[in-house]
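Mapping of the sequence shown onto mature numbering (1 follows the signal peptide of the UniProt record, and there is no 0): residues -23 to -1, 1 to 436, in sequence order. Here a beta-carbon is modelled for each residue, glycine too, at the ideal position from N, C-alpha and C. Written below as structure tokens is the structure these notes are about.
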Amino acid sequence: MKIKATNIMLYFLVLTFISCAVCNRVYVHPFNLYAYGQYNCNISTKGTETSLIKKAFIPLPIEHETSSEKEHHYPEKKNQETKNRLRVLVKLLNFLGLRIYGNWRDRRSSGSENIFFSPVAIFESLVTLFLGANNQTAIDIQELLGLTKGPNCTFISGVISDLQDIRNLVLENGSGFHLSTISWIFSNHGISLSEQFVNDTEELWGTGYVRAVNFTKPEQARDLINAFIDATSAGKVKKILKDVSSSTTLLLANFAQFQGKWGRILQSQKAGHQDFWINPIRKVPVSMLSQSGKFQYKRDEEGKFSLVKLPLGGNIAMLVIKPSGGSDLENIESNFFTEYSVWMQNMTSRHMNIYLPKISIDASYNLKEILINMNLAKILGEHAEFRRISDTKLNIGKVSISKTLELEEKQEETDVENFQQSNSSDILEIKLNKPFLLVAFEETTEAVLFLSRIVNPNN
């Protein structure tokens, strides 16, 4: 992927702000570029008003059947917004995702475990909260997202529309990459919600479910919610909740599934089970996929790592970053956040044999915990205001985010004659049998769909 000089300079400006990741206030975002014009966001409404809810929505009991005609399944739709504005939104999305990934890695990861983060899912989760927030809470979330405020503040329906456009770009042109998302809202029995919030949330995520549950019986509530999410995710999300507080009045959950089929295949076959070295003394057997063809490649000047860009078809590509020369993955990972735009420059096309493990990874985390780690606990703290969700004072117990990544072989075969005729001495072999970094991009907007440290492909 070639990034234009102007984009590169802008990325450098962004990445100078990453050191603010542990500030004890909501940072001032480096962009403040994303706006739709002179709109009145109306987010700082005084708390003395009787209600901010125009029309109430009464959730069905959680015991209600999961396949209801009342569930909203929004069709994919193409929006004609300009690519330039999408790219600006993507810069905000990527910046926040990288910031949170780095914070999570520094605080929670030992370096010996997988990390799987989706900047898109994180951003959409925060947009969901912004939809329901008011007063200072809305301002704090808006600043965290990097959306403008004041007389040029962003019209939130435009943000939803542009996020949908990014999803449509992911899915169009016969991509070998599939993205599916679901949201769930669970409220305490007797609490009515804003119909506008429910509709906007479901539109944002594509498919949504809203149910009422009795949180005063926390163990029963946990079991009912886990069973409901399991059923409505076709078994993809199991036991997402380990515990629930009896003081909870609202719980949000969402799920994003990334499924990749390795595309643009000249030759593809399973190379059988091979060893993947988790560390110098421990290995695990993995199903290794192979592919031969012409790919974008780069090796850094110091010989510490190599990069390969692997098309998945359509607008989607994966960037594989492999340590070399005894380099440490964690050091390369740290430099990635400040130098990846430079790394992406001047990649050259090479004939290659690539061996990549079949990957199946799932991850779940609580956005509330992430905000606490970033010293931003007040966004979901006891004084947080979400009166655009309900007139009832809410205690949001958790905002659970669950994701799965599956990279499998594409069965399609094509003629490999031209490749076989190339000089074998020109063919470079790359075998990913040690921990590496994997990043998926939407190429039109440069949106980072997910980034992952792969330490054990078998999860």
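**OP:** Pick helix, strand or coil for Arg82, following the three-state DSSP scheme.
**Re:** Arg82 falls in the helix class under three-state DSSP.
**OP:** Would you please state the rounded distance, in angstroms, between the beta carbons of Gly280 and Ser301? I believe it to be under 8 Å.
**Re:** Rounded, the Cβ-Cβ distance is 6 Å, consistent with contact.
Subject >> Residue range of the beta strand (DSSP E) that includes Thr381 >> reply: It spans Ile373 to Glu385 - the beta strand (DSSP E) in which Thr381 sits, taken as one unbroken run.
Subject >> Three-pair Cβ contact test at 8 Å for the segment 351 to 365 versus the segment 206 to 214 >> reply: Touching, no.
**OP:** For the beta strand (DSSP E) holding Leu266, just list the boundary residues, first then last.
**Re:** In the DSSP assignment, Leu266 falls within the unbroken beta strand (DSSP E) covering Arg259 to Arg276.
Subject >> Inter-stretch contact at 8 Å, needing at least 3 Cβ pairs: the segment 86 to 103 / the segment 220 to 236 >> reply: With a cut-off of 8 Å, the segment 220 to 236 and the segment 86 to 103 count as touching, because enough Cβ pairs lie within range.
Subject >> Closest residue to Leu284 among Lys275, Gly291 and Gln251 (Cα-Cα distance) >> reply: The shortest Cα separation from Leu284 among Lys275, Gly291 and Gln251 belongs to Lys275.
Original post:
Any idea what DSSP makes of Pro288, helix, strand or coil?
Top reply: Looking at Pro288 - three-state DSSP - the assignment turns out to be strand.
Original post:
Does the beta carbon of Asn436 fall short of 8 Å from some heavy atom of the ligand HEM?
Top reply: For the ligand HEM, the structure offers nothing, since it holds no ligand at all.
Original post:
Is the number of C-beta pairs between the segment 137 to 148 and the segment 159 to 166 that are closer than 8 Å three or more?
Top reply: Taking 8 Å as the limit for Cβ pairs, the verdict is that the segment 159 to 166 does not touch the segment 137 to 148.
Original post:
Cβ of Ser222 less than 9 Å from any chain D Cβ?
Top reply: Chain labels in this structure do not include chain D; a single protein chain is all it has.
Original post:
Is Thr421 helix, strand or coil when you go by DSSP?
Top reply: DSSP places Thr421 in the coil class of the three-state scheme, outside both helix and strand.
Subject >> Which listed residue (Glu90, Leu66, Asn91 and Leu108) has its alpha carbon closest to that of Leu124 >> reply: The candidate whose alpha carbon is nearest that of Leu124 is Leu66.
Original post:
Is the beta carbon of Pro96 less than 9 Å from the beta carbon of Ala189?
Top reply: The Cβ-Cβ distance between Pro96 and Ala189 does not fall below 9 Å.
**OP:** Could you tell me the distance, in whole angstroms, from the CA atom of Ala424 to the CA atom of Phe418?
**Re:** CA-CA distance, Ala424 to Phe418, rounds to 5 Å.
Original post:
In chain order, what residues of the same chain lie with their CB nearer than 7 Å to the CB of Lys286, ignoring the 5 residues before and after it?
Top reply: Once the five neighbours on either side are set aside, the close Cβ partners of Lys286 are Met(-23), Phe272, Gln273, Ala294, Leu296 and Met324.
**OP:** Return the residue from the list Ser160, Asn343 and Thr114 that minimises the CA-CA distance to Thr184.
**Re:** Taking only the C-alpha atoms, the option nearest Thr184 is Ser160.
Original post:
For Pro52, which of helix, strand or coil comes out of DSSP?
Top reply: The predicted position of Pro52 is uncertain, since its pLDDT is 36 and thus under 50; no value can be drawn from it.
Original post:
Going by the CB atoms, is the gap between Ser429 and Phe174 shorter than 9 Å?
Top reply: By the CB criterion at 9 Å, Phe174 and Ser429 fall outside the cutoff.
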